[in-house]
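J.: Just dropping this structure here.
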Amino acid sequence: MTSPYFVESTAVITRSGNKTVPRAGLATTLKTRMERRVLRAHVKQEEEDSRVSNQSLGRDASAEPDKALSLLPLAPILRRRRGQVKVEYDGKEEPKHWEPPDWSKQLGHVRQMRSARNAPVDLMGAEKCYDTHAPDEVRRYQVLVSLMLSSQTRDQVTSAALQRLRAHGCTVDNIVNTDDDTLGQLIYPVGFWKTKVKYLKQTSVMLQREFRGDIPNTVEGLVRLPGVGPKMAHLAMDIAWHQVSGIGVDTHVHRISNRLGWTRGGTKKPEETRKALEDWLPRDLWSEINWLLVGFGQQVCLPVNPLCSVCLNQNGGLTALFRGRTTDCDLGDSITGPTP
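Numbering (my numbering), first residue to last: 712 to 1051.
Laid out in structure tokens, this is it:
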């Protein structure tokens, strides 16, 4: 039988039918007393802690009112809040954004090896192919055409093809009115010349209709053109519009950046390399880095069997990375080769 002394609560109903305030049972009363007893001990401990703290700070503990005792009637036990933990770095500064170790020293070495400026890109790159005496819109168009032809093609072949186009008349209107066979004969033997004939015609028509014969002045507008990717767009913005919008990453920049360890964890595609470089490389170097690494890749850091013996960075990451294998920049894959 259940003892009446441990009934949680009872209620008295008057003749009018109104229910009075519940009367606490013995179990509830004991529970409340225990909670108050624990709370008094908790308050006493806080008073002691406060007294010790005030003494250490030279303050009079009796001068401050005791507000904790007013909380005694409360049933729940108050818990002390934990303060936020301050993150310490053992005397060191907060970690900075990732950047490759010794990249500045490596860059200085590449500049030193490129000081002669006699690589094919220096003599026949997109900056050297356009007609400097042509109107601005024609000059910009020729810059774009040279970039479109340069894909998968050596600078010597690209330069020769653009010279023939200029002799024929390398303007938007003239290219639109040139038949595909003639245009193919003018740009042959650039890589994928048949596809590039189609892209040149489509791009020229689009420029004629939408941009009044000029090229777009934004990356978004340039990549809308047939056959124009991010690399060409960023280089066109730099060379034609003199605006640095991003890093132009071709196979040379992609290959060398990974060899030098300038991409965190390595990248497989040029577009991934561009994003990785832009994440840490100072913006004032974005324009220079393409020209610098392309020429370095044409003369020293070759796709297959790079000339590590004459490279000033040979004691850095290049030697360790190339041990037992080299990278084919055209395919972007690693192939087995002799140790350089």
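We treat Cβ as the ideally placed atom computed from N, Cα and C, and that holds for glycine.
Can you give the Cα-Cα distance for I898 and W809, rounded to whole angstroms?
T.: Between I898 and W809, the C-alpha separation is close to 44 angstroms.
J.: Give me the Cα-Cα distance between I926 and K980, rounded to the nearest whole angstrom.
T.: Cα to Cα, the separation comes out at about 27 angstroms.
J.: Ordered along the chain, which non-local residues of its own chain (more than five positions away) have a Cβ less than 8 angstroms from that of L1042?
T.: Note that L1042 scores a pLDDT of 30, beneath 50, so its modelled location is shaky and nothing firm can be said.
J.: Quick one: using the 10 Å Cβ neighbour count with 16 as the cut-off for buried, is A830 buried or exposed?
T.: A830 comes out buried.
J.: Report the CB separation of I958 from C1012 in whole angstroms; it is logged as a contact under 8 angstroms.
T.: Rounded, the Cβ-Cβ distance is 17 angstroms, inconsistent with contact.
J.: Please name the residue in R828, Y910 and E746 whose C-alpha comes closest to that of V887.
T.: Nearest C-alpha to V887: Y910.
J.: Taking just the CA atoms, how far does K942 sit from E982?
T.: Between E982 and K942, the C-alpha separation is close to 8 angstroms.
J.: Are at least three pairs of beta-carbons, each pair with one atom in the segment 920 to 938 and one in the segment 889 to 898, less than 8 angstroms apart?
T.: Too few Cβ pairs lie closer than 8 angstroms, so no.
J.: Just to confirm, is the Cβ distance from L1004 to V939 under 8 angstroms?
T.: No.
J.: Suppose you measure from the CA of W904 to the CA of N885; what does that come to, to the nearest Å?
T.: Roughly 19 angstroms separates the two Cα atoms.
J.: Which residue comes first and which comes last in the alpha helix (DSSP H) that contains H820?
T.: Element bounds for H820: W814 to M824.
J.: Rounding to the nearest angstrom, what Cα-Cα distance links E758 and A752 in this structure?
T.: Rounded to the nearest angstrom, the two C-alpha atoms are 10 angstroms apart.
J.: I'd like to know whether the C-beta of P846 is nearer than 8 angstroms to at least one C-beta of chain B.
T.: Note that chain B does not occur in the displayed structure, where there is just one protein chain.
J.: Measure the Cβ-Cβ separation of V960 and R985 and say whether it is below 8 angstroms.
T.: Yes; because the gap between Cβ atoms is below 8 angstroms, this pair is in contact.
J.: Would DSSP call T739 helix, strand or coil?
T.: Note: T739 maps to helix in three-state DSSP.
J.: What do you reckon, are the CB atoms on A944 and V854 nearer than 8 angstroms?
T.: Result no, Cβ atoms of A944 and V854 do not sit closer than 8 angstroms.
J.: Measuring CB atoms only, is the segment 1006 to 1024 touching the segment 842 to 852, in the sense that at least three cross pairs come out at less than 8 angstroms?
T.: Output reads no: the segment 842 to 852 does not touch the segment 1006 to 1024.
J.: For G819, which of R748, P1017 and F1007 has the nearest alpha-carbon?
T.: For the residues R748, P1017 and F1007, the minimum Cα distance to G819 belongs to F1007.
J.: Would you check if the distance between the CB atom of V832 and the CB atom of T869 is smaller than 8 angstroms?
T.: No. Outside cutoff.
J.: Tell me whether W997 sits in a helix, a strand or coil according to DSSP, three-state version.
T.: W997 falls in the helix class under three-state DSSP.
J.: In chain order, what residues of the same chain have a beta carbon less than 6 angstroms from the beta carbon of L1018, not counting five sequence neighbours either side?
T.: Closer than 6 angstroms at the Cβ level, and outside the excluded window around L1018, lie V1011.
J.: Does the beta-carbon of L782 have 16 or more other beta-carbons within 10 angstroms, so that it is buried, or is it exposed?
T.: Here L782 scores only 48 on pLDDT, less than 50, and its place in the model should not be relied on; the value that follows carries that caveat. It counts as exposed.
J.: Would you mind listing the alpha helix (DSSP H) stretches within the segment 948 to 1000 that are 4+ residues and don't spill past its ends, in chain order?
T.: Runs of the alpha helix (DSSP H) inside the segment 948 to 1000: 962 to 970 and 981 to 991.
J.: Taking the Cβ atom as the reference point for each residue, do M835 and D866 lie within a distance shorter than 8 angstroms?
T.: For M835 and D866, yes; Cβs fall inside 8 angstroms.
J.: For G972, is the classification buried or exposed, using 16 other Cβ atoms within 10 angstroms of its Cβ as the cut-off for buried?
T.: Buried, since its Cβ has 16 or more Cβ neighbours within 10 Å.
J.: As a quick exercise: from D990, M859, L860 and Y852, pick the residue whose alpha carbon is nearest that of G880.
T.: Measuring from the Cα of G880, the nearest candidate turns out to be Y852.
J.: With respect to the alpha helix (DSSP H) encompassing S857, which residues constitute its N-terminal and C-terminal limits?
T.: Residues D847 to S861.
J.: Compute the distance between the beta-carbons of A987 and R970, then report whether it is under 8 angstroms.
T.: No, the Cβ-Cβ distance between A987 and R970 is not below 8 angstroms.
J.: Tell me the residue span of the alpha helix (DSSP H) that contains V868.
T.: Here the alpha helix (DSSP H) through V868 covers D866 to H879.
J.: DSSP three-state label for H808, please.
T.: It is coil, neither helix nor strand.
J.: CB-CB under 7 angstroms to W991, same chain, minus the five flanking residues each way: which ones, in chain order?
T.: Within the same chain, W991 has close Cβ partners H808, W809 and E810.
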